[in-house]
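Engineer: Residue numbers (my numbering), protein chains in the order written: chain A, 9 to 346; chain B, -5 to 375; chain C, 738 to 895.
#1: Quick check on residue 54 of chain A: buried or exposed, where buried means 16 or more other Cβ atoms within 10 Å of its Cβ?
#2: Alpha carbon to alpha carbon, how far is residue 38 of chain B from residue 125 of chain B?
#3: By DSSP, does residue 850 of chain C sit in helix, in strand, or in coil?
#4: On the three-pair Cβ rule with 8 Å, is the stretch 158 to 173 of chain B touching the stretch 186 to 199 of chain B?
#5: Going by the beta-carbon positions, is the gap between residue 226 of chain B and residue 90 of chain B smaller than 8 Å?
#6: Return the residue from the list C:856, C:815, C:840, C:850 that minimises the CA-CA distance to residue 831 of chain C.
#7: What residue does the alpha helix (DSSP H) around residue 19 of chain B start on, and which one ends it?
#8: Would the beta-carbon of residue 120 of chain A fall within 8 Å of that of residue 25 of chain A?
#9: Can you pull the chain A neighbours of residue 128 of chain B, defined as C-beta to C-beta under 8 Å?
#10: Could you check where the beta strand (DSSP E) with residue 81 of chain A kicks off and where it finishes?
#11: The alpha helix (DSSP H) spanning residue 253 of chain A covers which residue range?
#12: By how many angstroms is the C-alpha of residue 224 of chain A removed from the C-alpha of residue 356 of chain B?
#13: Do you know offhand how far residue 377 of chain B's Cα is from residue 172 of chain A's?
#14: From the DSSP output, which residues share a beta bridge with residue 806 of chain C?
#15: Which residues does DSSP pair with residue 145 of chain B in a beta bridge?
#16: DSSP has residue 33 of chain B in a bridge; who is on the other side?
#17: Counting pairs of beta carbons, one from the stretch 83 to 99 of chain A and one from the stretch 142 to 160 of chain A, are three or more of them closer than 8 Å?
#18: What are the start and end residues of each continuous beta strand (DSSP E) run of 3 or more residues lying completely inside the stretch 313 to 354 of chain B, in chain order?
#19: Measure the CB-CB distance between residue 272 of chain A and residue 285 of chain A and report whether it falls below 8 Å.
#20: Can the beta-carbon of residue 214 of chain B be found closer than 8 Å to that of residue 30 of chain B?
#21: Following the continuous beta strand (DSSP E) through residue 768 of chain C, name the residue where it begins and the one where it ends.
#22: Apart from the five residues just before and just after residue 178 of chain A, which ones in its own chain have a Cβ nearer than 6 Å to its Cβ?
#23: Which of the residues in the stretch 43 to 54 of chain A, read from start to end, lie with their CB under 7 Å from any CB of chain B?
#24: Short of 8 Å in beta carbon distance, which residues of its chain neighbour residue 785 of chain C, apart from the five on each side in sequence? Order them along the chain.
#25: Taking 8 Å as the threshold, find out whether the stretch 328 to 338 of chain B comes into contact with the stretch 51 to 63 of chain B through three or more Cβ pairs.
#26: With distances taken between CB atoms, is the gap from residue 366 of chain B to residue 341 of chain B smaller than 8 Å?
#27: So if DSSP puts residue 187 of chain B in a beta bridge, which residue, or which two residues, is it bridged to?
#28: Just to confirm my understanding: we take residue 191 of chain A, look at its own chain, exclude 5 residues before and 5 after, and list those with CB closer than 6 Å. What are they?
#29: Could you compute how far the alpha carbon of residue 795 of chain C sits from the alpha carbon of residue 806 of chain C?
#30: Have a look at A:78, A:237, A:134 and flag the residue whose alpha-carbon is nearest the alpha-carbon of residue 143 of chain A.
#31: Just to confirm before moving on: does the CB-CB distance between residue 218 of chain A and residue 168 of chain A stay below 8 Å?
#32: Compare the C-alpha of residue 314 of chain A against each of B:46, B:104, B:208, B:54 and name the closest.
#33: Check residue 783 of chain C in the structure and name its three-state DSSP category.
#34: Nearest-angstrom Cα distance between residue 187 of chain A and residue 118 of chain A?
#35: Of all the options A:287, A:255, A:323, A:128, which has the alpha carbon lying nearest to the alpha carbon of residue 106 of chain A?
#36: Give the DSSP bridge partners of residue 820 of chain C, in chain order.
As structure tokens, then:
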């Protein structure tokens, strides 16, 4: 007889982490907030008010209304679609960004899965699954728009992933570790964005490609591909796709903050280190997504060939140069100690 | 039955028909751009081999209807062709009718017509620019900006004509009403404000690096091709052909005003977009001059009911390009035959021809289409 | 190029085949040719007289004369003159060589005229329905014997 209550009691901290923070509840909360924030923030730039009818001027109830609408809608599955893959993908896709978030430290020692000191590698390993599942959803729907969108997604991810990986190798060399926890601790004095400025630029552009937002929302290009790989999804399945998209944004933004902007480090406001760390990481997150949304509204979308060319001809050499510069800077000027 | 099931939604059965990896994508028929129509794009995923424009979803038989209506009754069906460009479209018909009836509108009516037409051109160009910015995957920011900038002009038109759209303001022999009190002052204030807004749009959009990456060198129409294909309007001038009906065959008050013709030589999507921005400046200039030089007098003269047998061709510069109206009369109070050749009809032909002459990618297709600012209802008639 | 000169040149070249050539306004040239010299006349107008940009094409039905009068409207980019080139075809068997090889821009207009007026443009590559439904078989709407009654709105408008 398995002692479930005892098991839960013994592992209570990990359950809290998985279910509340930074796990399920936090991801859902962020997605809900981000959708609302995006609507209101972009609306102001477009000289609009954003949603105002549900939930007074702030329009916060609009999300509830939208979610209810999507949940109660009929699930339409195309006749020629591969039904099993089509449905399974919708549940698989949000899991991947959620698993990526599991390795991000939110406070000293507060991480769901420390990965025995290889958390950065694990993050990238999981993130490579995203396009694989992504092409499945494009293929399963058996639609021209989804297939073209899925192929674009693969091209874009390969062109964006490699510069991003190589740019973060600069951080790894500078910090001398794969452990995100240690990387954050090392940034107590100085954020890595300053010594790694070149790497950060490469990382940031690649990061925009990884989260597939304008100027790199090429797979879901609305003007020509309806909604890219997500075209055929309706109702609750569409909700899942939105969830995975925003969770992906969350995971990559958290990684950027962790690698370059000092992670949970910040002046002590709350006496509890966990609350303090979480507070600072959320503040940084808000600033980051505000910048992200501003970029989304001010630029046009790149063409797929331009994006791939940018990835392979500019970002890749720059990221290699960054590794070289990091080695020179660290081992010849600083003597190997940061 | 089972064959039908396989056929529906299965993109791969087209492979046998079209060759390996080729798709036929359908943009439309529900509002691929403003209006109902369809673009059938033959593509292998990224490269576009052929664009076929399928128009006619809102064909109303305007030409046939006009044969069954008196000259003045024809105003309403004609101006419904392009809601956003009512005044210029209507000018084509009214001008042709005046020519076949042999009447000249009074000078004051000509100036009022010019003001209304140029305001309408600004409205139409703003809309076109908004759509072009959206097609290059801008979020609707610029589109909503331009839509908002349109409002003061629509309010002014309502003040003048009583309606925001489709105001049937021009009639054979003049205009329906004189300008109301306070209109001139309000218009001048609006123009001052609008000139600043053009600067903002230009700075935010025309000089935007990513927008230039998307549009420069894309969909190039050379001067020779533009003449060969019969491209119309700002698109023609963007290819370096100095044709503007307002200059070449002046109508209304354009012959008495001094304005510049916007021409570019690049002939790409960027030049077409930019030409529209510059044309809005020219329109502001024209309106200012027209207000300043406006003569006094009546705004409408009586016209005969019946036309003499004969024919007349009237060319007019609408916002989308030159439209010509060819009227044949047999001496009755109805036209015997009206042939309307709208600008979008010709621009659609250019859109079909461009993928045959150069590489167009799938992501370019919307930019290419919007950069011509075509209008399905215009081409459908 | 002077319009009067052009008329003279045309008359010298084609003689009796030019049924009508006039210029009622500035920048307008109406030319009506016999349909057997249409292609030569078009080539001459394009090559020698510089009419290069097609802006319209269409036709008018004359049941009493039993002809369909076709027209092509061409603009000359050098001289800023608009030409209306006309010719008659038999109404019972309306066949005419296409001019799209001379002026590419008339292709879509000829396709439309084929559909709405039933004129067969010989050599035209793309005579497919354009404005009307694909299964339209109720006649040619722009012909004068096409009755509007079945399509009239019940409230009697138009």
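Backbone N, C-alpha and C fix where the C-beta goes; we use that ideal spot for every residue, glycine too.
Structural biologist: Here's the rundown:
#1: Within the first chain, numbered from 1, the residue matching residue 54 of chain A stands at position 46. Buried: at least 16 other Cβ atoms inside 10 Å.
#2: Reading the second chain from its first residue, position 44 is the one you call residue 38 of chain B. Reading the second chain from its first residue, position 131 is the one you call residue 125 of chain B. Each residue's Cα considered, the two are about 26 Å apart.
#3: In the third chain, counting from the first residue as 1, residue 850 of chain C sits at position 113. If DSSP states are grouped into helix, strand and coil, residue 850 of chain C belongs with the helices.
#4: no
#5: The residue you call residue 226 of chain B lines up with position 232 of the second chain. The residue you call residue 90 of chain B lines up with position 96 of the second chain. Not closer than 8 Å, so no.
#6: For the purposes of this step, residue 831 of chain C is taken as the residue at position 94 of the third chain. If we check each option's Cα against that of residue 831 of chain C, C:856 comes out closest.
#7: Your numbering for residue 19 of chain B matches position 25 in the second chain. Segment 17 to 21 is the beta strand (DSSP E) holding residue 19 of chain B; no alpha helix (DSSP H) there.
#8: On the first chain, position 112 is the one that residue 120 of chain A refers to. On the first chain, position 17 is the one that residue 25 of chain A refers to. Contact flag set, yes.
#9: The count along the second chain starts at 1 and reaches residue 128 of chain B at position 134. In chain order: 231.
#10: Within the first chain, the letter at position 73 stands for residue 81 of chain A. Residue 81 of chain A -> no beta strand (DSSP E), and no H or E assigned at all.
#11: By one-based count along the first chain, residue 253 of chain A stands at place 245. Taken as a continuous stretch (DSSP letters only), the alpha helix (DSSP H) holding residue 253 of chain A covers 243 to 268.
#12: For this step, residue 356 of chain B is matched to residue 362 along the second chain. For this step, residue 224 of chain A is matched to residue 216 along the first chain. Distance between the alpha carbons of residue 356 of chain B and residue 224 of chain A is about 15 Å.
#13: Because chain B in this structure spans residues -5 to 375, residue 377 of chain B falls outside the shown range and cannot be described.
#14: Numbered from 1 along the third chain, position 69 holds the residue referred to as residue 806 of chain C. Paired residue(s): C:797, C:825.
#15: The count along the second chain starts at 1 and reaches residue 145 of chain B at position 151. None, per the DSSP bridge assignment.
#16: Along the second chain, one-based indexing puts residue 33 of chain B at 39. Answer is B:21, B:47, bridged to residue 33 of chain B.
#17: yes
#18: 315 to 323, 331 to 335
#19: Position 264 of the first chain, counted from the first residue, corresponds to residue 272 of chain A. Position 277 of the first chain, counted from the first residue, corresponds to residue 285 of chain A. Cβ atoms of residue 272 of chain A and residue 285 of chain A: closer than 8 Å.
#20: Position 220 of the second chain, counted from the first residue, corresponds to residue 214 of chain B. Position 36 of the second chain, counted from the first residue, corresponds to residue 30 of chain B. The answer is no: Cβ separation not under 8 Å.
#21: Against the third chain, residue 768 of chain C aligns to sequence position 31. Counting along the chain, the beta strand (DSSP E) containing residue 768 of chain C begins and ends at 765 to 770.
#22: Looking up residue 178 of chain A in the first chain gives position 170. 204, 207, 330, 331, 334.
#23: 50, 53, 54
#24: For this step, residue 785 of chain C is matched to residue 48 along the third chain. Cβ neighbours of residue 785 of chain C beyond the five flanking positions: 746.
#25: yes
#26: Counted from its first residue, the second chain places residue 366 of chain B at position 372. Counted from its first residue, the second chain places residue 341 of chain B at position 347. Yes; because the gap between Cβ atoms is below 8 Å, this pair is in contact.
#27: Indexing the second chain from 1 puts residue 187 of chain B at position 193. For residue 187 of chain B, which the question treats as bridged, DSSP gives no partner whatsoever.
#28: As a first step, residue 191 of chain A is located in the first chain; it is residue number 183 there, counting from the start. Taken in chain order, the residues that qualify are 183.
#29: Residue mapping note: residue 795 of chain C aligns to position 58 of the third chain, counting from 1. Residue mapping note: residue 806 of chain C aligns to position 69 of the third chain, counting from 1. Rounded to whole angstroms, residue 795 of chain C to residue 806 of chain C spans 9 Å at the Cα level.
#30: In the first chain, counting from the first residue as 1, residue 143 of chain A sits at position 135. Residue A:237 is the option with its Cα nearest to residue 143 of chain A.
#31: Taking the first residue of the first chain as position 1, residue 218 of chain A is located at position 210. Taking the first residue of the first chain as position 1, residue 168 of chain A is located at position 160. Result yes, Cβ atoms of residue 218 of chain A and residue 168 of chain A sit closer than 8 Å.
#32: Counting from one through the first chain, the residue named residue 314 of chain A turns up at place 306. Closest option to residue 314 of chain A, Cα to Cα, is B:208.
#33: To locate residue 783 of chain C, count along the third chain from 1; it is residue 46. It is helical.
#34: One-based indexing of the first chain puts residue 187 of chain A at position 179. One-based indexing of the first chain puts residue 118 of chain A at position 110. Distance between the alpha carbons of residue 187 of chain A and residue 118 of chain A is about 13 Å.
#35: By 1-based counting over the first chain, the position of residue 106 of chain A is 98. Checking every option, the nearest Cα to that of residue 106 of chain A belongs to A:255.
#36: Here residue 820 of chain C corresponds to residue number 83 of the third chain, with the count starting at 1. Paired residues: C:766, C:811.
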